[in-house]
Ligand code: PLP
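In our numbering, the protein residues as written are 10 to 395.
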């Protein structure tokens, strides 16, 4: 059975070009980039080249990029650096729909004495920016707002938020893990202070990330150790993965157009096909301000986990909008924050495409999924038969 992978917001396949670029750095060029000999020095050149590829994707200077182990480390490093630089400020701001890498960190910080503001979103997943600006005070140390949401795909107005926050002298961080490679990112234009990316969402391997730190922003390392990354992150570099994320950034730039044309059309075809064939089906999130590759669809009166299991039997890999916590199926915090009704939130499925998906795969899903939903509804106590 062929796998139809439409779960690219969870993780992506390593691109063959990325693997090819990485391979020599396991066996041939295995030197330590910090070594004095030229064998290590050659490896250092490869890291330098990767830093330039990353910087090009987001419009940064190479010195403003540090390599980390994942998006989560980048997020943690950014927020810890901002609060360490502002020890007297005890208020921090984020949104109600962040990934756990920020959400749980903020909850942790609230237990350490920080006052936390979680900015709400509306029914379409759009951020209440007035609420955000009104919450800012002299005592606010940092604001972190994701560029695009991993579940709904909704894109936040980062340029505007960044300008408003920084005008008040507050550090601004954005988690761009889901935005990278899907929409253009220009840090110079947006003026963000810090920005996180993750390799495994853009066809690089798992276990490598990026943190952009704008020149002049106060910074202290999270991992204290050797002089690597100019003292901003200790630890011998994950060379092969760094080479990989560099190559992935180059490919992401080259594929941006296809993402916003062919992949968008596939996503729209999938969405429309399911909406047309299945009654009481809704799209979660704003249909305009949205990543081109993501569709979060609520099928009323069915259990998302049951849909996933039945799709899995056909080789279709997607995600539900529910998180299984201690045996109970709770709708995700993102759908809850959006106020998606209970019976739709429970039956929400996230499809996230990449440029590797084909039209034949989308046609297969459109043909197979509606009968699955119809069968499940026949068994559902919530289905009124409409
Ligand atoms: N931020 C967002 C928006 C994400 O979607 C993810 C991963 O799903 C992360 C952060 C965490 O990235 P990583 O898995 O590299 O730690």
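We treat Cβ as the ideally placed atom computed from N, Cα and C, and that holds for glycine.
Beta bridge counterpart(s) of residue 184 as assigned by DSSP: As DSSP reads the structure, residue 184 sits in a beta bridge with 205.
Extent of the continuous alpha helix (DSSP H) to which residue 263 belongs: Start and end: 248-267.
Whether residue 154 touches residue 183 by CB criterion (8 Å): Contact: yes.
Proximity of residue 229 and residue 69 at Cβ, strictly below 8 Å: No, the Cβ-Cβ distance between residue 229 and residue 69 is not below 8 Å.
Contiguous alpha helix (DSSP H) assignments of at least 4 residues, all confined to the segment 109-143: DSSP runs (the alpha helix (DSSP H)) wholly in the segment 109-143: 109-120.
Boundaries (first-last residue) of the beta strand (DSSP E) holding residue 359: Note, residue 359: beta strand (DSSP E), 357-361.
Sufficient close CB pairs (3 or more, under 8 Å) joining the segment 126-138 to the segment 98-114: Output reads yes: the segment 98-114 touches the segment 126-138.
Counted within 10 angstroms of its Cβ, other Cβ atoms place residue 11 as buried (16 or more) or exposed: With fewer than 16 other Cβ atoms from the protein chains shown falling within 10 Å of its own Cβ, residue 11 counts as exposed.
Residue 312 (DSSP reduced to helix, strand or coil): Residue 312: coil per DSSP, three-state reduction.
C-beta contact flag for residue 145 and residue 177 at 8 Å: Between residue 145 and residue 177, the C-beta spacing is below 8 Å.
Helix, strand or coil at residue 190 according to DSSP, with G and I counted as helix: DSSP places residue 190 in the coil class of the three-state scheme, outside both helix and strand.
Among 273, 129, 341 and 213, the one whose alpha carbon lies nearest that of residue 22: Among 273, 129, 341 and 213, the Cα nearest to that of residue 22 belongs to 213.
One or two residues paired with residue 304 in a DSSP bridge: 360, per the DSSP bridge assignment.
Straight-line gap, residue 188 to residue 368 (C-alpha atoms, nearest Å): Going by the C-alpha atoms only, they are around 23 Å apart.
Span separating the alpha-carbon of residue 81 from that of residue 88: If you take the alpha carbons of residue 81 and residue 88, they lie about 11 Å apart.
Among 307, 372 and 325, the one whose alpha carbon lies nearest that of residue 348: Cα-wise, what sits closest to residue 348 is 307.
Heavy atom of ligand 1 within 7 Å of residue 253 beta-carbon: Every heavy atom of ligand 1 is 7 Å or more from the Cβ of residue 253, so no.
Exposure of residue 101, with buried meaning 16 or more beta-carbon neighbours within 10 Å: Note on residue 101: 16 or more other CB atoms within 10 angstroms of its CB, so buried under the neighbour-count rule.
Beta-bridge pairing of residue 16 - partner residues as DSSP gives them: According to the DSSP secondary-structure assignment, residue 16 is paired through a beta bridge with 361.
Straight-line Cα distance separating residue 310 from residue 390: Across the structure, residue 390 and residue 310 are spaced so that their CA atoms are roughly 8 Å apart.
Burial state of residue 47, where buried means 16 or more other Cβ atoms lie within 10 Å: Per the 10 Å Cβ criterion, exposed.
Status (buried if at least 16 other CB within 10 Å, exposed otherwise) for residue 117: Exposed, by the Cβ-count rule.
Any alpha helix (DSSP H) of 4 or more consecutive residues that is wholly inside the segment 28-94: The qualifying runs are 33-36, 47-67 and 80-94.
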